[in-house]
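J.: Please see the structure below; I have some questions.
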Amino acid sequence: MILHDHLGGEAPDTTIVVPFHRGLPDAACLASLMEQVGAPPFEVVCIDNSRGGIAQSARGLRALIESLRPERARARWVWTEAPERPGAGFARNAGMRVADGAWLGMLDSDDFVEPDWLARFVAQRHPGACFVPPMVKLTSRGKRLNARHPMLKLANGEEVVVTSWFVETERLRAVGGWSDALKVGEDFELSIRLQAAGLQTIKGTAGHYVWRTPERLSEVLDRGRKYAFDDLCVRALYGNAWALPFHGKGWLQSLAWLARRAALDAIKAVSLRSWHPLLEPAKLWWYLRYRITGERREELRTFQDLAVSSKRT
């Protein structure tokens, strides 16, 4: 459903996919897209990813966009839904399917971008490559930290794309988009398949996107769950020896791993001055829960199988 169209019949150069769940996207996220300077014509596809859909979300999103003056950007604003299954990957696939832009970009609904985000992308992109803008992290107290590149260096030195990046739409469709089987770690898994398909990675020099740390208790607990499982998926993918809770090791070794992991996380968090006092305990709780219940074993197997196939090739 098209909510607003200020392209005058012109085709969008880029589609920005913004999934949201429970409510509406953050106003700061949408406002930052409307304030893009020197950008080509683009469209923003906002995907309602609530289970079963929300009948009022299209009207609510239209009202929100109207309050932010959508005419400030040469853009088309689109609403669609992906109610069959919650999860960012599933929602992004829905956005990928309806995208009209030759290039497709990702942005989470609780992040926002600087005014030259799109223009910098256009200036540096080239076919056959993923473009990843640099990231700024905002602490829960609102302090803006130094720019950090959102490429994560893993145990074997490989790089993965995260939640703000651009790629040619047809190349993304050719590899099948995100895995519908994964709720967490879908960006890691997709990045490996994009690399296998021969796509290079361009690291941006400016045009930052801003990522915010959790503040509400519900966010902290949910992020603890995500980070704990995310970490285990990556360790399964790269065969890291410290992934003990899923390697059938004993409790003594598992607890030693948990203690080591907690200490490293706490040191990193304190050094960034963005540590929430409940985030590390929440992560430890989820590590233990996965160890006890074997929860989400099928998703982990996806990463373990991918690791095996990657070594064979």
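Each residue of the sequence shown is one higher than the one before, counting from -3 in the numbering used here.
All residues carry an ideal CB built from backbone N, CA and C; glycine is no exception.
(1) State the CB to CB distance for the pair residue 57 and residue 20, rounded to an integer number of angstroms; the pair is presumed to be in contact (CB under 8 Å).
(2) Under the three-state reduction of DSSP, which class applies to residue 164: helix, strand or coil?
(3) My assumption, with CB atoms under 8 Å, is that residue 29 sits in contact with residue 92. Please give the rounded CB distance.
(4) Decide if residue 61 is buried, meaning its Cβ has at least 16 other Cβ atoms within 10 Å, or exposed.
(5) If you draw a straight line from the C-alpha of residue 100 to the C-alpha of residue 219, how long is it?
(6) Can we count residue 200 as close to the ligand GDP, meaning its CB is less than 7 Å from some heavy atom?
(7) What separation, rounded to the nearest whole angstrom, lies between the Cα atoms of residue 27 and residue 188?
(8) Closest to residue 4 by C-alpha separation, out of 115, 41, 126 and 70, would be which residue?
(9) Enumerate, from N- to C-terminal direction, the unbroken alpha helix (DSSP H) stretches of 4 or more residues contained entirely within the stretch 18 to 59.
(10) Would you give the residue range spanned by the alpha helix (DSSP H) that residue 183 belongs to?
(11) Closest to residue 24 by C-alpha separation, out of 84, 105, 0 and 18, would be which residue?
(12) Taking the C-alpha atoms as reference points, what is the distance between residue 37 and residue 109?
(13) Under a three-way DSSP split, which group does residue 110 fall into?
(14) Kindly indicate which three-state DSSP category residue 241 falls into: helix, strand or coil?
(15) In the DSSP assignment, the alpha helix (DSSP H) including residue 88 goes from what residue to what residue?
(16) The beta strand (DSSP E) spanning residue 103 covers which residue range?
(17) How is the beta strand (DSSP E) around residue 1 delimited, first residue to last?
(18) DSSP has residue 298 in a bridge; who is on the other side?
(19) Output needed for residue 177: all residues of its chain with C-beta closer than 8 Å, excluding positions within five of it in sequence on either side, in chain order.
(20) Go ahead and label residue 278 buried or exposed: buried means 16 or more other beta carbons lie within 10 angstroms of its beta carbon, across all protein chains shown.
T.: On the basis of the supplied data:
(1) 6 Å
(2) strand
(3) With 8 Å as the limit, residue 29 and residue 92 do not qualify as a contact, their Cβ atoms being about 18 Å apart.
(4) buried
(5) 26 Å
(6) With respect to the ligand GDP, the structure shown offers nothing to examine, as it has no ligands at all.
(7) 32 Å
(8) 70
(9) 23 to 30
(10) 182 to 192
(11) 105
(12) 17 Å
(13) coil
(14) Residue confidence for residue 241 is low, a pLDDT of 48 falling below 50, so the modelled location carries little weight; the figure read from the coordinates is stated next. Here residue 241 sits in helix by DSSP.
(15) 84 to 94
(16) It is not in any beta strand (DSSP E) - residue 103 carries neither H nor E in the DSSP assignment.
(17) -2 to 1
(18) Bridge partners of residue 298: none, in fact.
(19) 294, 295 and 298
(20) buried
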